[in-house]
Amino acid sequence: MSFESVRRLFQLGHYKPAARLTIVALLCVASDVAAHGGPEQDIEEIVVTGRWTDLAGIAISASEGIVGQEELDIRPKLRTGEVLEVVPGLIITQHSGTGKGNQMFLRGFNLDHGTDFSTSIDGMPINLPSHGHGQGYTDLNFLIPELIESLEFRKGPYHAAVGDFSSTGSAHLSTFRALPESMLRIGIGQDGHRQVLVADSMDVGKGNVLYAAQGHTYDGPWVDISEDLQRVNGVLRYSQQSDVGNQWDIMLMGYDASWNSPDQIAQRAIDNGLVDRLGSLDPTIGGATSRYSLSGSLLRKFAGGRQLHAHAYVIDYDLDLFSNFTYFLDDPVNGDQFEQVDRRVVSGGDLSYLWSGSSRFETTYTVGMSLRHDDIAEVGLFRTREQQRLSTVRSDAVRESSVGLYAQAETRWNDRWRTRFGLRADFYDFSVRSNLPANSGDTNDTIVAPKLSLIYALDSESELYLSTGRGFHSNDARGTTIRVDPNTLSPVEQVDPLVASTGAELGFRTFRNDTLNLSASLWYLELDSELLFVGDAGITEPSRPSRRYGIELPVYYRIGNWVLDVELALTKSRYVGDDPSGDQIPGSIERVIAAGVAMQYPSGVYGSLRARHFGDRPLVEDGSARSEASTVLSLLMGYRRESLDFRVEVLNLLDAEDQDIAYFYASRLAGEPAGGVEDVHLHPMEPRTVRASFTWNF
Numbered sequence: 023m024s025f026e027s028v029r030r031l032f033q034l035g036h037y038k039p040a041a042r043l044t045i046v047a048l049l050c051v052a053s054d055v056a057a058h059g060g061p062e063q064d065i066e067e068i069v070v071t072g073r074w075t076d077l078a079g080i081a082i083s084a085s086e087g088i089v090g091q092e093e094l095d096i097r098p099k100l101r102t103g104e105v106l107e108v109v110p111g112l113i114i115t116q117h118s119g120t121g122k123g124n125q126m127f128l129r130g131f132n133l134d135h136g137t138d139f140s141t142s143i144d145g146m147p148i149n150l151p152s153h154g155h156g157q158g159y160t161d162l163n164f165l166i167p168e169l170i171e172s173l174e175f176r177k178g179p180y181h182a183a184v185g186d187f188s189s190t191g192s193a194h195l196s197t198f199r200a201l202p203e204s205m206l207r208i209g210i211g212q213d214g215h216r217q218v219l220v221a222d223s224m225d226v227g228k229g230n231v232l233y234a235a236q237g238h239t240y241d242g243p244w245v246d247i248s249e250d251l252q253r254v255n256g257v258l259r260y261s262q263q264s265d266v267g268n269q270w271d272i273m274l275m276g277y278d279a280s281w282n283s284p285d286q287i288a289q290r291a292i293d294n295g296l297v298d299r300l301g302s303l304d305p306t307i308g309g310a311t312s313r314y315s316l317s318g319s320l321l322r323k324f325a326g327g328r329q330l331h332a333h334a335y336v337i338d339y340d341l342d343l344f345s346n347f348t349y350f351l352d353d354p355v356n357g358d359q360f361e362q363v364d365r366r367v368v369s370g371g372d373l374s375y376l377w378s379g380s381s382r383f384e385t386t387y388t389v390g391m392s393l394r395h396d397d398i399a400e401v402g403l404f405r406t407r408e409q410q411r412l413s414t415v416r417s418d419a420v421r422e423s424s425v426g427l428y429a430q431a432e433t434r435w436n437d438r439w440r441t442r443f444g445l446r447a448d449f450y451d452f453s454v455r456s457n458l459p460a461n462s463g464d465t466n467d468t469i470v471a472p473k474l475s476l477i478y479a480l481d482s483e484s485e486l487y488l489s490t491g492r493g494f495h496s497n498d499a500r501g502t503t504i505r506v507d508p509n510t511l512s513p514v515e516q517v518d519p520l521v522a523s524t525g526a527e528l529g530f531r532t533f534r535n536d537t538l539n540l541s542a543s544l545w546y547l548e549l550d551s552e553l554l555f556v557g558d559a560g561i562t563e564p565s566r567p568s569r570r571y572g573i574e575l576p577v578y579y580r581i582g583n584w585v586l587d588v589e590l591a592l593t594k595s596r597y598v599g600d601d602p603s604g605d606q607i608p609g610s611i612e613r614v615i616a617a618g619v620a621m622q623y624p625s626g627v628y629g630s631l632r633a634r635h636f637g638d639r640p641l642v643e644d645g646s647a648r649s650e651a652s653t654v655l656s657l658l659m660g661y662r663r664e665s666l667d668f669r670v671e672v673l674n675l676l677d678a679e680d681q682d683i684a685y686f687y688a689s690r691l692a693g694e695p696a697g698g699v700e701d702v703h704l705h706p707m708e709p710r711t712v713r714a715s716f717t718w719n720f
């Protein structure tokens with residue numbers, strides 16, 4: 023992290039007045055409440071035990087859940103982002119280098135890097151709007167998985183507390199304030215995998231200090247490049263908690279990485295012997311990124327069950343990403359390599375207040391507010407050759423601000439019936455200053471989203487759910503003010519700033535004797551038509567209205583020291599309306615199956631075996647080109663004795679040669695016609711690799 027980054031992070035005067043006001047207001051309210059709050063009373067707490075947390079009487083849909091560190095730790099993982107695969111039906115893949123944000127799929131959506139799935143950590147949003155590579159870009163590589171205490175996921179647009187990017191759902195990660203055990207972990211594996219983690223927490227004064235630092239290097243299995251991943255992560259946190267549950271904390275997080283990229287390659291290049299399946303057509307692409315944040319949170323409890331929650335944060339973020347998807351299609355001399363740049367400071371926070379009503383029915387009310395400001399100093403797209411800039415496609419400075427207000431009321435009418443009604447309103451303001459004056463401008467938009475859930479308890483362990491709601495995602499600010507194509511200067515149409523979705527879900531959940539956790543969901547989601555801003559080209563393109571529906575059936579069964587699970591997700595996705603190009607949605611996965619078995623014995627032996635399958639999917643609207651199905655099996659085995667732990671992971675146990683991801687479009691190899699050749703472009707699943715780690719808990 024450079025000195026300038028540190029200065030920007032801590033110098034409040036660096037930020038816009040709106041951003042300064044956000045931070046100061048949230049911190050002032052939090053400190054005032056902490057100093058002058060009313061008398062406390064004991065509140066019944068939910069004890070989080072992962073999948074075995076009984077959500078009867080708490081959840082409003084069958085598709086929400088909680089996963090704890092115990093399950094996250096025992097699952098074999100190739101990438102950090104795979105922590106999200108504990109969400110049933112969610113798939114994490116990669117089409118480029120290890121340091122880049124992962125590709126995500128859920129409920130028939132190719133989420134790209136997170137456009138319709140909201141992710142946050144300890145009150146900080148992770149999705150980045152108006153991003154240089156993709157709208158809602160989600161990069162989880164700054165996480166240290168061993169520090170995650172719990173992951174709470176929710177599907178569908180039914181929750182008033184969640185706004186942008188949450189049409190398919192959301193995930194909130196909470197990290198430890200104090201570690202169960204301090205640790206030193208050293209990992210080594212094939213393909214240059216080296217990893218060291220030290221994490222500790224200790225009592226300091228009236229609170230606790232937690233610190234962690236991790237270094238990771240990786241070369242990858244590629245035949246003609248070394249990824250040369252160099253990654254450093256760090257966390258420093260101070261927290262206090264009173265006997266009655268009041269708590270506050272302040273946290274610093276840091277992440278810095280650089281890498282070379284094995285990008286997606288044309289199938290015909292493999293078939294013709296031009297390149298190995300694990301090869302590259304442009305060995306000079308890669309990237310570098312950093313993320314540094316300062317955040318704080320407060321939970322204050324009052325008499326009568328009233329609670330105040332507050333979060334505030336500042337994030338300093340940078341990305342330089344080099345890619346080449348079409349090789350020599352646009353520029354037969356220099357090639358089609360391009361650079362995407364994103365440099366921003368994000369500031370914001372949220373407040374929520376919860377209290378119980380005094381009517382004869384048991385009603386809990388919540389009101390909340392969220393504020394966010396993205397001050398993007400540069401978001402740019404440049405033509406390059408071997409990472410040297412040749413020309414500018416477009417370069418912009420963007421300021422994007424949002425305010426969200428919500429209220430909800432949950433009423434328990436009797437021992438059987440509960441309802442939750444919510445209403446959310448979001449206001450967005452966009453300001454763009456482009457290198458092409460015609461594409462500069464200012465705009466704003468507002469959206470209102472009602473939510474309703476009905477819950478019926480069959481007994482103390484089983485519930486039925488009916489939920490419906492409206493959601494949305496924001497569009498790239500550059501698309502809201504664009505007037506001309508930066509490549510041709512021809513007129514183009516602007517995008518809608520905010521695009522609505524409507525969803526509904528019928529579900530069932532049962533939790534039996536701490537041995538069976540079963541849920542079933544039948545869901546529906548409709549997305550409005552829109553124009554999309556394409557970050558890889560700097561222009562807009564139309565997207566048709568779509569409709570998706572499906573079923574999800576996760577089952578978890580515990581017997582003795584063993585846990586078995588099966589997660590099934592089936593989806594039907596189609597464009598709405600007649601169009602000669604067809605009605606199939608490219609990249610929409612119709613079948614996802616995940617299954618596993620895990621065991622932990624008092625003797626210290628533990629392990630898990632997991633399989634993940636996702637079916638073939640259309641790559642074009644008429645279905646004439648389809649990807650292959652993909653199945654991977656991975657194993658983790660370990661032994662823990664007192665303060666020592668040793669484990670081995672075998673990732674892609676059967677050495678499958680499936681596609682990790684695939685697209686269909688035109689590209690041009692050397693010597694091919696000027697118009698290029700339409701073909702499948704794929705990124706292969708990484709071959710079998712073995713990793714081992716030794717952990718000392720001190």
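Every position in the sequence shown, counted from 1, becomes a number in this note's numbering once 22 is added. For glycine and all other residues, C-beta sits at the position ideal for the given N, C-alpha and C.
- Quick one: what does DSSP say Leu-341 is sitting in, helix, strand or coil? Here the question's residue 341 lines up with position 319 in the sequence shown. Strand, per DSSP.
- Complete beta strand (DSSP E) runs within the segment 498-555 (minimum length 3 residues, chain order): 520-534 and 538-549
- Message: Would you call the segment 530-546 in contact with the segment 563-583, where contact means no fewer than 3 C-beta pairs closer than 8 Å?
- Response: yes
- Item | Where the beta strand (DSSP E) containing Asp-21 begins and where it ends | The question about residue 21 has no answer, for the chain in this structure spans 23 to 720.
- Message: Measuring alpha carbon to alpha carbon, tell me which residue in Val-506, Gly-444, Ser-315 and Asp-481 is nearest Ser-462.
- Response: Looking up residue 462 in the sequence shown gives position 440. The shortest C-alpha separation from Ser-462 is found at Val-506.
- Residues near Lys-228 in its chain [Cβ-Cβ closer than 6 Å; skip 5 each side]: What you label residue 228 is simply residue 206 of the sequence shown in a count that begins at 1. Excluding positions up to five away in sequence, the list reads Gln-262.
- Endpoints, beta strand (DSSP E) assigned at Arg-446: On the sequence shown, residue 446 is found 424 positions in, with the first residue counted as 1. Element bounds for Arg-446: 439-456.
- Query: So, is Ser-543 buried or exposed, given that buried needs 16 or more other C-beta atoms within 10 angstroms?
  - Reply: In the sequence shown, the residue the question calls residue 543 occupies position 521. Classification for Ser-543: buried.
- When Glu-694, Leu-586 and Ile-615 are compared against Gly-637, the one with the closest alpha-carbon: Residue 637 sits at position 615 when you count from the first residue of the sequence shown. Taking only the C-alpha atoms, the option nearest Gly-637 is Ile-615.
- Message: My output table needs one value for Glu-203: the three-state DSSP class, helix, strand or coil.
- Response: Here residue 203 corresponds to residue number 181 of the sequence shown, with the count starting at 1. The answer is coil: DSSP assigns Glu-203 none of H, G, I, E or B.
- Task: Have a look at Leu-300, Ser-475 and Ile-469 and flag the residue whose alpha-carbon is nearest the alpha-carbon of Ala-522.
- Result: Translated into positions along the sequence shown, residue 522 becomes position 500. Among Leu-300, Ser-475 and Ile-469, the Cα nearest to that of Ala-522 belongs to Ile-469.
- Query: Roughly how many whole angstroms lie between the Cα atoms of Ser-192 and Tyr-260?
  - Reply: For the purposes of this step, residue 192 is identified with residue 170 of the sequence shown, where counting begins at 1. For the purposes of this step, residue 260 is identified with residue 238 of the sequence shown, where counting begins at 1. Going from the Cα of Ser-192 to the Cα of Tyr-260 covers about 27 Å.
- Arg-580 to Phe-175 span [Cα, whole Å]: Numbered from 1 along the sequence shown, position 558 holds the residue referred to as residue 580. Numbered from 1 along the sequence shown, position 153 holds the residue referred to as residue 175. Roughly 21 Å separates the two Cα atoms.
- Can the beta-carbon of Val-11 be found closer than 7 Å to that of Asp-498? Outside the shown range of the chain (23 to 720) lies residue 11, about which nothing can therefore be said.
- Near Ser-280, which residues of its chain fall below 6 Å by C-beta distance, leaving aside the five closest residues on each side in sequence? Within the sequence shown, numbered from 1, the residue matching residue 280 stands at position 258. The residues are Gln-252 and Ala-310.
- Message: Please state whether the Cβ-Cβ distance between Ala-429 and Gly-371 is less than 7 Å.
- Response: As a working mapping, residue 429 is identified with position 407 in the sequence shown. As a working mapping, residue 371 is identified with position 349 in the sequence shown. For Ala-429 and Gly-371, no; Cβs fall outside 7 Å.
- Message: Do Leu-658 and Ser-630 count as a contact pair if the criterion is CB distance below 7 Å?
- Response: Position 608 of the sequence shown, counting from 1, holds the residue named residue 630. Position 636 of the sequence shown, counting from 1, holds the residue named residue 658. Yes.
- Message: Beta-carbon within less than 6 Å of Met-273's beta-carbon, same chain only, minus the 5 sequence neighbours each way: which residues are those?
- Response: As a working note, residue 273 is residue 251 in the sequence shown. Once the five neighbours on either side are set aside, the close Cβ partners of Met-273 are Arg-259 and Ser-317.
- Query: Gly-60 by DSSP, collapsed to three states: which one?
  - Reply: As a working mapping, residue 60 is identified with position 38 in the sequence shown. With a pLDDT of only 38 at Gly-60, under 50, the local geometry of the prediction cannot be trusted, and the value read off the model is given with reservation. Coil at Gly-60, not helix or strand.
- Item | beta strand (DSSP E) runs contained entirely in the segment 343-391, provided each spans 3 or more residues | 360-378
- How would you write the range of the alpha helix (DSSP H) that Ala-84 sits in, first residue to last? To locate residue 84, count along the sequence shown from 1; it is residue 62. Where Ala-84 is concerned, there is no enclosing alpha helix (DSSP H), given that its DSSP letter is neither H nor E.
- Start and end residues, alpha helix (DSSP H) containing Leu-94: By 1-based counting over the sequence shown, the position of residue 94 is 72. Element bounds for Leu-94: 91-96.
- Message: Between which two residues does the beta strand (DSSP E) holding Ala-221 run?
- Response: If you number the sequence shown from 1, residue 221 lands on position 199. Unbroken beta strand (DSSP E) run through Ala-221: 216-226.
- Task: Quick one: grab the DSSP three-state call for Ile-292.
- Result: As a first step, residue 292 must be located in the sequence shown, where it is residue number 270. It is helical.
- Please list, in chain order, all residues of the same chain as Phe-668 whose beta carbon is under 7 Å from its beta carbon, the five residues on each side excluded. Sequence index remark: in the sequence shown, residue 668 carries index 646 (1-based). Correct list, in chain order: Gly-660, Tyr-661 and Phe-716.
- Query: Going straight from the alpha carbon of Thr-386 to that of Gly-90, what length do you get?
  - Reply: As a position in the sequence shown, residue 386 is number 364, starting the count at 1. As a position in the sequence shown, residue 90 is number 68, starting the count at 1. Each residue's Cα considered, the two are about 26 Å apart.
- Mind the definition here: the segment 287-299 touches the segment 192-201 only if three or more C-beta pairs lie below 8 Å; say whether that holds. no
- Would you identify the three-state DSSP class for Pro-567, choosing helix, strand or coil? To locate residue 567, count along the sequence shown from 1; it is residue 545. Looking at Pro-567 - three-state DSSP - the assignment turns out to be coil, as it is neither helix nor strand.
- Decide if Tyr-180 is buried, meaning its Cβ has at least 16 other Cβ atoms within 10 Å, or exposed. In the sequence shown, the residue the question calls residue 180 occupies position 158. So Tyr-180 ends up on the buried side.
- Message: My output table needs one value for Thr-75: the three-state DSSP class, helix, strand or coil.
- Response: As a first step, residue 75 is located in the sequence shown; it is residue number 53 there, counting from the start. Three-state DSSP puts Thr-75 in coil, outside helix and strand.
- Query: In three-state DSSP terms, what is Gly-609?
  - Reply: Numbered from 1 along the sequence shown, position 587 holds the residue referred to as residue 609. DSSP places Gly-609 in coil when its eight states are reduced to three.
- Task: Evaluate Asn-294 with the Cβ neighbour count: other Cβ atoms within 10 Å of its Cβ, from every protein chain shown; 16 or more gives buried, anything less gives exposed.
- Result: Here residue 294 refers to the residue found at position 272 of the sequence shown. By the 10 Å Cβ count, Asn-294 comes out exposed.
- Query: Can you pull the DSSP bridge partners for Thr-311?
  - Reply: On the sequence shown, position 289 is the one that residue 311 refers to. Its beta-bridge partners are Ala-279 and Leu-341.
- Inter-residue spacing [alpha-carbon to alpha-carbon] between Val-245 and Val-184: Along the sequence shown, read from residue 1 onward, the residue named residue 245 stands at position 223. Along the sequence shown, read from residue 1 onward, the residue named residue 184 stands at position 162. C-alpha separation (whole angstroms): 44 Å.
- DSSP state of Pro-640, grouped into three classes? The residue you call residue 640 lines up with position 618 of the sequence shown. In this structure, Pro-640 counts as strand in the three-state DSSP scheme.
- Message: Taking its Cβ as the centre, do 16 or more other Cβ atoms sit within 10 Å of Glu-93, making it buried, or is it exposed?
- Response: Taking the sequence shown and counting its residues from 1, one reaches residue 93 at position 71. When all chains shown are included, Glu-93 counts as buried.
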